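Read through the structure below, which is laid out as structure tokens, and then see the notes.
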Amino acid sequence: MNIFRDIDPQPRRSLLTLFTAGLLFWSSLASLLPTLPLYVQFVGGTKQQIGFVMGAFAIGLLLSRPPLGKIADTRGRKQVLLLGAVVAAIAPLGYLLAQSIPLLLLIRVFHGISIAAFTTAYSALVTDLSPPGKRGELIGYMSLVNPIGLAVGPAIGGFVQAWVGYTPLFAMSAAFAAMAVFFTGKIAEPNFADLTLSDSLSQDKNSQKYWEMLWNPRVRIPALVLLVVGLVFGTLSTFMPLFIQETKANLNPGLFYSTAAIASFGIRLLTGRASDKYGRGLFISGGLICYAVSMLLLYFANNSSAFLIAALVEGCAGGTVLPMMVTLMSDRCEPHERGRLFSLCIGGFDLGIAIAGPTLGFVAEQVGYRNMFGFAAGLAGLALLVFITQSSKGLSNSMKFAIGRGKDIYALNQ
């Protein structure tokens, strides 16, 4: 990680403080990943109601990303970061008070605002502080907060719930997020007022321009691919604990997520720097292939070893696709539009998660969890097909970019 030595002291301190806040934020969210579906079941939810509650998280994401992206571009990234951390600190306490499915749905929607705010501003701020020539490497390193948090959070959350119950679990999640609020307040944000307060970003024009951006080819295909990936990820995050429970595999669900996070951590150390040399397309294609393979492995899984192997492959997929998509969009947008374009692109992922819970919960009711993961493998294959054929101008350029043999035509600094 020698790249940090080449950054000026003030931005370096901001990056390290931001990394700490991000790690605490993701640990807070991840501690509930293997336990919240079980809590909904404990309250009395059916399989489909569990899907609705877990998917409601993405409704908060979808509704809040557009305005939060605009705020990040006009008022600064730090305000949006703080909002995300504050919401993450409040929401876990709400789960303790919600003893019915409708109340859990409302709290889950509110909780979704946290990730919309934090991830949009985090990605934009990291890009602001990144040297353009080594953007992939630095974004890759800074994105490690996600797998580290997903490695620590689920394991701790699963064991705390098993040992002492749900109340200490939710209190711990709130405490992690409260510490994230403290560290976020220490971040020194770069001055980009001259870029973000131009006449073209006036309030009257901003609302219309935001949705027009979605139809730009530099944004449309990444958003569509992440929509399908969100369906796959939403299936995994919502129903994996229940599938493990159904197969009677001797495995704590938290260990599945922790194993995936370890793989995600390792792959990010390699792909970010490599993508600066070989391009983003090759690694996005590889990540989508890993998603399809991991879902197929889950379709055939019957014991703890099989689940852990699937977790390793899925971790490689998640550790490649999402950071590479963020890096791809950072290549394709100007500083004054980063917040909005990131929110649009990642909004596709949010929509996929929102749809995954209720729709694939219905599929699970009809054909069972195992066949549902087989269906998810087909979705991952569809995402790969779309990316290979549509990621650039024309089929030939798209295929070359997707296999690392061509440049990104939409990148602004070719």
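Residue 252 is where the sequence shown starts when you use our numbering, and the numbers rise one by one after that. All C-beta atoms, glycine included, are put in the ideal place defined by N, C-alpha and C. As the structure is a prediction and not an experimental result, all values here were calculated from the model.
CA nearest to the CA of residue i, picked from the options
| i | options | result |
| --- | --- | --- |
| M546 | F600, W277, G632, I513 | G632 |
| L502 | G569, T486, A552 | A552 |
| L573 | A653, A474, L563 | A474 |
| I352 | R386, V338, L289, V377 | L289 |
| V580 | A307, L465, Q412 | Note on residue identity: the sequence assigns Met, not Val, to residue 580. Closest option to M580, Cα to Cα, is L465. |
| M575 | S526, Y542, Y346, L482 | S526 |
| R326 | I407, A375, I358, G302 | A375 |
| T498 | L549, I258, G566 | L549 |
| R583 | N467, G335, E616 | N467 |
| A425 | L635, D324, G335, V396 | G335 |
| A512 | V637, L401, T370 | L401 |
| Q496 | A429, T371, G619 | G619 |
| P382 | I639, G598, F433, R524 | R524 |
| L280 | L487, L355, G404 | G404 |
| K321 | F613, G645, I560, R591 | R591 |
| L355 | C567, D379, G311 | G311 |
| G569 | R531, L595, A514 | A514 |
| L478 | G598, V396, Y508 | G598 |
| I399 | Q299, F484, R519, F361 | R519 |
| S365 | R656, F638, D601, T286 | D601 |
| T271 | I639, F427, A368 | F427 |
| F303 | F613, A634, F652, K651 | F613 |
Residue range of the alpha helix (DSSP H) that includes residue i
| i | result |
| --- | --- |
| G655 | Unbroken run through G655: none, as it is neither H nor E. |
| A323 | 298 to 325 |
| G481 | 468 to 498 |
| L287 | 287 to 294 |
Three-state secondary structure (DSSP) of residue i
| i | result |
| --- | --- |
| Q350 | coil |
| A439 | coil |
| D455 | Because the pLDDT at D455 is just 41, under 50, the model does not fix this residue reliably, and the point stays unresolved. |
| L267 | helix |
| S509 | helix |
| L333 | helix |
| I258 | coil |
| A514 | helix |
| T447 | In this predicted model, T447 has a pLDDT of only 48, less than 50, meaning its place in the structure is not dependable; the value taken from the coordinates is given anyway. If DSSP states are grouped into helix, strand and coil, T447 belongs with the helices. |
| S643 | coil |
| S282 | coil |
| L465 | coil |
| G669 | This structure gives no information on residue 669, because the portion of the chain shown stretches from 252 to 665. |
| Y661 | coil |
| L630 | helix |
| V503 | The residue asked about is misnamed: residue 503 is Asn in this sequence, not Val. N503: coil per DSSP, three-state reduction. |
| M650 | helix |
Cutoff 8 Å: residue i Cβ touching any chain D Cβ
| i | result |
| --- | --- |
| S381 | Structure shown: chain D not included; a single protein chain is present. |
Which parts of the stretch 380 to 413 are runs of the alpha helix (DSSP H), unbroken and 4 residues or longer, counting only runs that do not cross its ends? Whole alpha helix (DSSP H) segments, 4+ residues: 386 to 393.
Extract the residue ranges of the alpha helix (DSSP H) inside the stretch 525 to 591, only unbroken runs of 4 or more that lie entirely within it. Here the runs fully enclosed are 532 to 551, 555 to 583.
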